[in-house]
Amino acid sequence: MRILTGIQPTNNLHIGNLFGALIPATKLQEEHELFMMVADYHAITTLKDPKRLTENTLFTAAAYLSAGIDPARTTLFVQSSVAAHTELAWILQTIARMGEANRMTQFKDKSQTGAEKAPVGLFTYPMLMAADILLYGTEGVPVGEDQKQHVELTRDLAERFNRDFGETFLIPEPIIQSNGARIKSLTEPEKKMSKSAPSAKSYILLTDEEDMLAKKIRGAVTDSEREITLDDERKGLLNLITIFSLCTEYTKEEVSERYQHSGMKVFKDDLVMALNQYLAPIRMNMQEYSDDRAGLLEVLQTGNEAAEMIANQYLKTTRERIGILRP
Ligand code: AQP
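If you count by the numbering used here, then the sequence shown holds residues 13 to 339, one letter each, in order.
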């Protein structure tokens with residue numbers, strides 16, 4: 013199956029991105045044809061800092077590789093390097109309906125300053141996401157529940173285009189990731205861990221060293237009950253147990269049984285140790301990739317070229333179908 017996935021370079025990546033996107037991608041690449049992009053044109057809907065965008069783009073690519081994405085198997089590329097994305101996004105905007113775009117709940121969630129002041133690109137980004145997907149003949153798109161609506165919009169747009177202009181696009185399926193890998197904020201465990209959250213205490217970055225991990229885990233919001241139990245209502249604790257389970261061989265049940273009577277301090281100290289052990293090799297790889305900027309750029313150039321060949325083919329057919337003249 014051909015699969016496309018991406019991460020926005022809005023900040024350094026956190027363990028939610030790692031467990032929810034990077035690690036699953038390393039498994040997917042074993043059996044599928046994977047396209048992984050650094051979604052920089054999506055990131056500029058919120059990030060307005062040129063230097064950080066450039067650095068984050070390289071950093072995101074380094075994180076993909078450090079977590080085990082193999083560029084010999086997976087096409088790793090930068091979204092903006094393939095101009096077809098924005099061109100197809102425009103064409104799709106002429107096909108999408110205002111009513112459909114208005115129904116996208118992410119715009120409502122993300123335009124916290126109010127729709128009046130939100131960038132137009134934040135409103136139209138589902139059409140760019142649809143273009144990202146359709147340009148590669150993508151069959152599967154791994155998404156969390158929050159992005160499912162955008163894959164459904166992509167399907168609707170592709171079906172409408174095929175009906176009106178002739179069979180052109182494959183209809184993609186969402187691959188819904190299990191809730192188990194949904195990591196929550198350390199400070200507000202009812203929300204998901206997020207790179208652009210205002211407080212750095214709410215997330216654990218892949219680059220956080222042991223003392224920083226310790227500070228953040230010790231400060232993580234739990235509750236006043238003494239016992240460690242597996243309880244959906246104890247959201248902060250459940251999140252820490254989930255993280256413990258993901259970076260060890262233990263299931264969540266095993267973690268909670270093991271630490272039931274040991275007290276929160278021992279549990280948190282052991283979690284810091286386990287997480288640090290898990291992250292240390294990734295951190296080291298990331299340092300190496302980041303130090304070799306030329307090597308990283310070369311990997312991305314190769315990926316960009318491979319992606320462009322496929323995307324341009326789809327775009328060419330699309331233009332022809334709608335009657336665009338290319339003298
Ligand atoms: N907390 C999370 N737990 C599990 N998976 C997560 N992902 C994000 N947060 C968690 C997954 O990581 C990928 C990154 O997607 P994105 O960069 O396009 O944006 P996002 O989903 O909105 O992630 P962030 O970190 O919250 O970024 P910002 O703050 O920039 O919006 C996706 O596969 C996502 O499911």
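By construction, the Cβ of each residue, glycine as well, lies at the ideal position given by its N, Cα and C atoms. Small disclaimer: the values here were computed from a predicted structure and weren't measured.
Three-state class that DSSP yields for residue i in the structure shown
| i | result |
| --- | --- |
| residue 246 | coil |
| residue 321 | helix |
| residue 45 | strand |
| residue 196 | strand |
| residue 160 | helix |
| residue 204 | strand |
| residue 94 | coil |
N- and C-terminal bounds of the alpha helix (DSSP H) containing residue i
| i | result |
| --- | --- |
| residue 279 | 275–303 |
| residue 145 | 132–146 |
| residue 65 | 62–79 |
| residue 187 | Element bounds for residue 187: not the alpha helix (DSSP H) but the beta strand (DSSP E), 185–188. |
| residue 111 | 110–114 |
| residue 122 | 117–122 |
Contact belief for residue i with residue j at Cβ below 8 Å, rounded distance in angstroms
| i | j | result |
| --- | --- | --- |
| residue 53 | residue 92 | 5 Å |
| residue 137 | residue 57 | 6 Å |
| residue 68 | residue 217 | Contact flag wrong, Cβ pair sits at about 12 Å. |
| residue 21 | residue 50 | 5 Å |
| residue 140 | residue 122 | Between residue 122 and residue 140 the Cβ distance is about 14 Å, and since that is not below 8 Å, they are no contact. |
| residue 2 | residue 145 | Outside the modelled stretch of the chain, which goes from 13 to 339, sits residue 2, for which no answer is possible. |
| residue 45 | residue 81 | Their Cβ separation, rounded to whole angstroms, is 13 Å, which puts residue 45 and residue 81 out of contact at 8 Å. |
Cβ of residue i within 7 Å of any chain C Cβ
| i | result |
| --- | --- |
| residue 170 | Structure shown: chain C not included; a single protein chain is present. |
N- and C-terminal bounds of the beta strand (DSSP E) containing residue i
| i | result |
| --- | --- |
| residue 181 | First-last for residue 181: undefined, no H or E at that position. |
| residue 87 | 87–90 |
| residue 222 | First-last for residue 222: 222–230, but that is the alpha helix (DSSP H), not the beta strand (DSSP E). |
| residue 267 | Careful: residue 267 lies outside any beta strand (DSSP E), inside the alpha helix (DSSP H) at 264–271. |
| residue 16 | 14–19 |
Pairwise C-alpha distance: residue j and residue i
| i | j | result |
| --- | --- | --- |
| residue 290 | residue 161 | 33 Å |
| residue 279 | residue 202 | 21 Å |
| residue 317 | residue 42 | 22 Å |
| residue 205 | residue 248 | 12 Å |
| residue 200 | residue 328 | 47 Å |
| residue 221 | residue 178 | 54 Å |
| residue 194 | residue 32 | 6 Å |
Beta-bridge partners of residue i, as assigned by DSSP
| i | result |
| --- | --- |
| residue 334 | For residue 334, which the question treats as bridged, DSSP gives no partner whatsoever. |
| residue 26 | 217 |
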